[in-house]
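*Asks:* Under the UniProt record's numbering, the first residue of the sequence shown carries the number 1, and numbering increases by one thereafter.
There's a structure below that I have some questions on.
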Amino acid sequence: MEEIRFAPSRRSTVGIEWELALVDSDSGDLRQVAQTVLDAVAGPRGEEHPHIKQELLLNTIEIVTGVCDTVGEAADDLGSSIESLRPILDPLRVELMCAGTHPFARWTQQKVTDRQRYATLIDRTQWWGRQMLIYGVHIHVGIEERDKVLPISRALMTHYGHLQALSASSPFWGGQDTGYASNRALMFQQLPTAGLPFQFDTWPELERYVADMLKTGVIDVFDEIRWDIRPSPKFGTIEVRVCDGIPTMAELASIAALTQCLVEYYSRELDAGRPTPALPSWFTQENKWRAARYGMDTILILDAAGHEDLVATDLSDRVLPMLEPVATDLGCRGELSGVRDIMDAGASYQRQRAVAARHGGALDAVVRSLVAEMRAGRPVEGEL
Numbered sequence: 001m002e003e004i005r006f007a008p009s010r011r012s013t014v015g016i017e018w019e020l021a022l023v024d025s026d027s028g029d030l031r032q033v034a035q036t037v038l039d040a041v042a043g044p045r046g047e048e049h050p051h052i053k054q055e056l057l058l059n060t061i062e063i064v065t066g067v068c069d070t071v072g073e074a075a076d077d078l079g080s081s082i083e084s085l086r087p088i089l090d091p092l093r094v095e096l097m098c099a100g101t102h103p104f105a106r107w108t109q110q111k112v113t114d115r116q117r118y119a120t121l122i123d124r125t126q127w128w129g130r131q132m133l134i135y136g137v138h139i140h141v142g143i144e145e146r147d148k149v150l151p152i153s154r155a156l157m158t159h160y161g162h163l164q165a166l167s168a169s170s171p172f173w174g175g176q177d178t179g180y181a182s183n184r185a186l187m188f189q190q191l192p193t194a195g196l197p198f199q200f201d202t203w204p205e206l207e208r209y210v211a212d213m214l215k216t217g218v219i220d221v222f223d224e225i226r227w228d229i230r231p232s233p234k235f236g237t238i239e240v241r242v243c244d245g246i247p248t249m250a251e252l253a254s255i256a257a258l259t260q261c262l263v264e265y266y267s268r269e270l271d272a273g274r275p276t277p278a279l280p281s282w283f284t285q286e287n288k289w290r291a292a293r294y295g296m297d298t299i300l301i302l303d304a305a306g307h308e309d310l311v312a313t314d315l316s317d318r319v320l321p322m323l324e325p326v327a328t329d330l331g332c333r334g335e336l337s338g339v340r341d342i343m344d345a346g347a348s349y350q351r352q353r354a355v356a357a358r359h360g361g362a363l364d365a366v367v368r369s370l371v372a373e374m375r376a377g378r379p380v381e382g383e384l
């Protein structure tokens with residue numbers, strides 16, 4: 001069994017990966033122009049841009065940050081990438097949009113990027129793989145020592161419902177209201193090795209799992225483990241992949257601050273010799289389903305004893321006050337306070353449904369609202 005080395009990393013640094021849809025300025029439908037965009041930002045020898053990346057589908061690009069000390073720095077990094085894309089996209093009449101799913105686009109009409117790893121994925125996963133017309137956000141937080149990774153990861157699973165509910169942005173699929181706040185969450189878990197992680201107690205248990213997956217051909221490399229929360233050994237981080245696509249910079253910064261603060265909080269608990277919390281896997285699974293179904297109306301299971309509370313109440317009364325001292329130390333108190341703004345304005349799935357209702361169910365209006373929010377960097381009030 002081969003050892004999985006965990007790279008050295010500066011504690012509680014943050015990095016963000018933001019998957020963005022390319023939509024037509026006039027129709028609001030998806031445009032298959034990712035390669036055109038990537039060619040335009042490539043280096044002089046055709047090398048990939050360090051912060052603008054290829055994704056599975058040709059209607060998608062991903063922008064990523066470097067290693068940042070603060071959430072504000074990460075937001076500035078992402079904003080710079082977006083600004084560099086505008087002169088390329090505007091002449092093409094293409095807009096950027098982010099949500100867990102596109103409200104009305106059809107998965108059958110989307111083209112897969114011409115790369116062997118994507119072809120291999122689609123060949124194996126077939127119908128489910130071809131349906132992955134979804135968008136997410138991945139947040140990396142640096143961990144300075146390997147032995148902290150698994151206990152912090154287990155603790156983060158007790159906050160799965162908070163992160164899913166706040167970011168839920170995929171109520172529509174193929175022109176239909178699914179009745180879910182996050183249809184994406186339940187779709188993505190259909191892929192092999194995706195979904196909720198196994199909650200291992202020791203690093204050798206993780207190594208045994210990875211060795212078994214490699215031996216039986218389930219994966220070829222560690223990165224093909226697509227858990228919602230996973231170690232990222234090559235970066236020295238915990239990677240939180242729970243969130244739906246987040247439509248605005250303000251919300252992205254707030255949810256990133258929440259994630260960074262949770263990791264640092266539990267790192268301090270370990271430093272103090274205190275145990276970190278964990279939930280039985282059956283409660284974690286139920287919390288994921290509830291948050292995907294009900295979003296901000298979710299009644300979360302909080303502990304192994306089965307105590308419950310509304311997700312918004314638990315955030316306001318327990319989680320945010322608990323994290324405020326940590327946020328002050330990390331320089332993200334303002335961004336963390338934005339979590340309350342999400343609760344006040346409504347999560348994206350709620351805003352999308354409100355726009356659809358104002359426009360008689362017209363989902364092109366929902367796309368226009370999402371494009372406007374991306375441009376504004378914050379939720380946009382009123383008629384669109």
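A virtual CB, placed ideally from N, CA and C, is assigned to each residue, including glycine.
On a predicted model such as this, the values are computed, not experimentally measured, just so you know.
Can you tell me the Cα-Cα spacing of residue 193 and residue 184, whole angstroms?
*Replies:* Their backbone Cα atoms lie some 16 Å apart in a straight line.
*Asks:* Does the contact criterion of 3 or more C-beta pairs under 8 Å hold for the segment 160 to 172 versus the segment 335 to 355?
*Replies:* yes
*Asks:* Going by CA-CA distance only, name the one from 56, 41, 224, 252 that's closest to residue 50.
*Replies:* 41
*Asks:* Just the C-alpha distance for residue 189 and residue 244, rounded to the nearest angstrom, thanks.
*Replies:* 13 Å
*Asks:* When we look at the beta-carbon of residue 86 and count the other beta-carbons within 10 Å, is it buried (16 or more) or exposed?
*Replies:* exposed
*Asks:* Determine the direct distance from the alpha carbon of residue 118 to that of residue 305, and round the result to whole angstroms.
*Replies:* Cα atoms of residue 305 and residue 118: separation of roughly 43 Å, rounded to the nearest angstrom.
*Asks:* Could you check how far apart the C-beta atoms of residue 141 and residue 238 are, in whole angstroms? I think they sit under 8 Å.
*Replies:* 6 Å
*Asks:* Is it buried or exposed for residue 312, if we count other Cβ within 10 angstroms and need 16 for buried?
*Replies:* buried
*Asks:* Strictly by DSSP, which residues pair up with residue 170?
*Replies:* DSSP, once it has assigned bridges, lists 182 as partnering residue 170.
*Asks:* On a CA-only basis, which of 335, 30, 371, 375 is nearest residue 75? Give me that one, please.
*Replies:* 335
*Asks:* Is residue 373 near residue 247, with beta carbons less than 7 Å apart?
*Replies:* yes
*Asks:* Among 156, 57, 149, 73, which has the Cα closest to the Cα of residue 110?
*Replies:* 57
*Asks:* Three or more C-beta pairs closer than 8 Å, one from the segment 205 to 219 and one from the segment 285 to 292: is that the case here?
*Replies:* Touching, no.
*Asks:* Leaving aside the five residues before and after residue 31 along the sequence, list all residues of the same chain whose C-beta is less than 8 Å from its C-beta, in chain order.
*Replies:* 22, 23, 24, 59, 92, 94.
*Asks:* Residue 108 and residue 34 look like a contact to me (Cβ under 8 Å); what is the Cβ gap, rounded to whole Å?
*Replies:* Not a contact, Cβ separation roughly 18 Å.
*Asks:* I believe residue 353 touches residue 171 by the beta-carbon criterion, under 8 Å. Please report the beta-carbon distance rounded to the nearest angstrom.
*Replies:* With 8 Å as the limit, residue 353 and residue 171 qualify as a contact, their Cβ atoms being about 6 Å apart.
*Asks:* Looking only at C-alpha atoms, which of 124, 131, 176 sits nearest to residue 219?
*Replies:* A check of alpha carbon separations from residue 219 across 124, 131, 176 identifies 124 as the nearest.
*Asks:* Between which two residues does the alpha helix (DSSP H) carrying residue 362 extend?
*Replies:* Where residue 362 is concerned, there is no enclosing alpha helix (DSSP H), given that its DSSP letter is neither H nor E.
*Asks:* In whole angstroms, what is the alpha-carbon distance linking residue 215 and residue 333?
*Replies:* 46 Å
*Asks:* Identify whether residue 40 lies in helix, strand or coil by the three-state DSSP scheme.
*Replies:* helix
*Asks:* How big is the Cα-Cα spacing for residue 90 and residue 81?
*Replies:* 15 Å
*Asks:* Within 10 Å of its beta-carbon, does residue 351 have 16 or more other beta-carbons around it, so buried, or fewer, so exposed?
*Replies:* buried
*Asks:* If I measure Cβ to Cβ from residue 96 and keep anything under 6 Å in the same chain, skipping five residues before and after, which residues do I get?
*Replies:* 20, 374
*Asks:* On the CB-based measure, 16 or more other CB atoms within 10 Å of its CB, does residue 221 come out buried or exposed?
*Replies:* exposed
*Asks:* On a Cα-Cα basis, can you pick out the residue from 52, 127, 102, 71 that is closest to residue 88?
*Replies:* 52
*Asks:* For residue 15 and residue 65, which I take to be in contact (beta-carbon distance under 8 Å), what is that distance rounded to the nearest angstrom?
*Replies:* About 5 Å separates the two Cβ atoms, so the contact holds.
*Asks:* Check whether the Cβ atoms of residue 105 and residue 29 lie closer than 7 Å to each other.
*Replies:* A contact, by the Cβ cut-off of 7 Å.
*Asks:* Considering only their Cβ atoms, is the gap separating residue 339 from residue 254 smaller than 7 Å?
*Replies:* yes
*Asks:* Which residues in the same chain as residue 316 place their Cβ atom closer than 8 Å to its Cβ, once the five residues preceding and following it in sequence are excluded?
*Replies:* 340, 343
*Asks:* Smallest Cα separation from residue 1: which of 298, 203, 263, 329?
*Replies:* 203
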